[in-house]
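Engineer: Quick one: the structure is below, questions incoming.
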Amino acid sequence: MNSYEPEPRPRAVVFAYHNVGVRCLKVLLAGGVDVALVVTHEDSATENIWFESVVSLCQTEGIPYITPPDAKSAELLAQVKAADPEFIFSFYYRHMLPASLLEVAPAFNMHGSLLPEFRGRAPVNWAVLHGATETGATLHEMTVKPDAGAIVSQMVVPILPDDTAFEVFGKVTVAAEQALWRVLPSLLDGTAPRINNDLSKGGYFSGRKPEDGRIDWHLPAQQVYNLHRAVAPPYPGAFTDVNGVRYVIERARLGDRHGVLQNGKTDNVAARSLPLGLTVVDNCVFGVCGDGGIITILALTADGVAISAQQLQTRLAA
């Protein structure tokens, strides 16, 4: 009687972090991939950790994981080689993988935009900041040059006019899961398509720092509103400094050039020749912008503490 020998599962080493890392890892497991090793990050004590934990998933699933500080170390290369992977995946891992790692096995990265658009860091935030109306997730071959390899799978999501980057990131996480899920069988059997990633289009973007959230009130209202949307909580937020106090916009809506408020009432705020920046009219907080347009500020903090319209008016009049 012949004993049953199960077919060996394809082995992978996965570099992963954040929500996309968690969801795409789950797709690999559901798709029958043997995840031999996960490489992830230690959470930073200085960062607002609002996202899911890859380490927790590994502990739940019994997957070996490591958190090396450097993706270029000889020790990490040896550990990856020892895992003998047939595939390498990178799902929102924050370090570039060197050529030595990419040579171990075919490597694929999940990027949070529709490549070749918004290559580089913080793609969702940049897409919102630039007023894009759609974005998505792209699985592509990894090369030494970031986000430059052939496209394997893409999934599109809309960016609605009032979506914050946090809301868009939630959509992109689902798009990443779908993009990987639908191509995984053909990727594993070697028949997945390869689509040219035209680097003459789009562009590279750098990482963002909290200071990049500083508001220039000379800009048009739409651009100021886009900045707010791009960095609204849980990101650090768009801010302005007045008399040594840092005011951070927590929630806002865009008004038109005639000051149409979101509750349907019309108040010609722009026609009052108010100075640029924060102002209070009829117990409502506004930001007056360079084109005469306004943003209606629904929640504001002062040095980290919530502040009312009346409190702000008192401070601005002092």
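Take 1 as the starting number for the sequence shown in the UniProt record's numbering and just add one per residue. Yeah, the Cβ is synthetic: ideal placement off N, Cα and C, and Gly gets one too. Given the structure is predicted, the values throughout are model-derived calculations rather than measurements.
What residues match up with G204 in a beta bridge as DSSP calls it?
Structural biologist: Position check: residue 204 holds Tyr in this sequence, whereas Gly was assumed. R119, per the DSSP bridge assignment.
Engineer: Within its chain, find whatever has a CB closer than 8 Å to the CB of L316; leave out the 5 residues flanking it on each side and keep chain order.
Structural biologist: V242, L278, T279 and V280
Engineer: Would a C-beta distance cut-off of 9 Å place W181 and A30 closer than the cut-off?
Structural biologist: Between W181 and A30, the CB-CB gap stays under 9 Å.
Engineer: List the residues that DSSP assigns as beta-bridge partners of R11.
Structural biologist: D34
Engineer: Would you check if the distance between the CB atom of A309 and the CB atom of Y247 is smaller than 9 Å?
Structural biologist: In terms of Cβ geometry, A309 and Y247 do not form a close pair [threshold 9 Å].
Engineer: Among the residues of its own chain, which have a CB less than 6 Å from the CB of P158, if the five just before and after it don't count?
Structural biologist: E134
Engineer: What are the boundary residues of the alpha helix (DSSP H) that H140 is part of?
Structural biologist: Run containing H140: none in the alpha helix (DSSP H); it sits in the beta strand (DSSP E), E134 to E141.
Engineer: Along the chain, which unbroken stretches of the beta strand (DSSP E) at least 3 residues long are found entirely within the UniProt domain "Formyl transferase N-terminal" (32 to 184)?
Structural biologist: 34 to 39, 87 to 91, 107 to 111, 134 to 141 and 151 to 158
Engineer: Give the DSSP-derived three-state secondary structure of A318 in the structure shown.
Structural biologist: Here A318 sits in coil by DSSP.
Engineer: Just curious, the alpha helix (DSSP H) that L219 is in, first and last residue?
Structural biologist: Segment: none, L219 is in no alpha helix (DSSP H) and carries neither H nor E.
Engineer: Given a cut-off of 9 Å on the beta-carbon distance, is the pair D70 and H95 in contact?
Structural biologist: yes
Engineer: Going by beta-carbon coordinates alone, are A105 and E75 separated by less than 9 Å?
Structural biologist: no
Engineer: Exposed or buried, K60, counting other C-beta atoms within 10 Å across all chains shown (16 or more means buried)?
Structural biologist: Residue identity check: residue 60 is Thr in the sequence provided, not Lys. T60 should be labelled exposed.
Engineer: Are R121 and G207 touching if we call contact CB-CB under 9 Å?
Structural biologist: yes
Engineer: I need the boundaries of the beta strand (DSSP E) containing E250, first residue and last residue.
Structural biologist: Counting along the chain, the beta strand (DSSP E) containing E250 begins and ends at V245 to L254.
Engineer: Please name the residue in F169, R229, L129 and T173 whose C-alpha comes closest to that of D162.
Structural biologist: R229
Engineer: Just reading off the beta strand (DSSP E) that I294 is part of, what are its end residues?
Structural biologist: I294 to A302
Engineer: Flag this pair as yes or no: are the beta carbons of P64 and V33 separated by less than 9 Å?
Structural biologist: no
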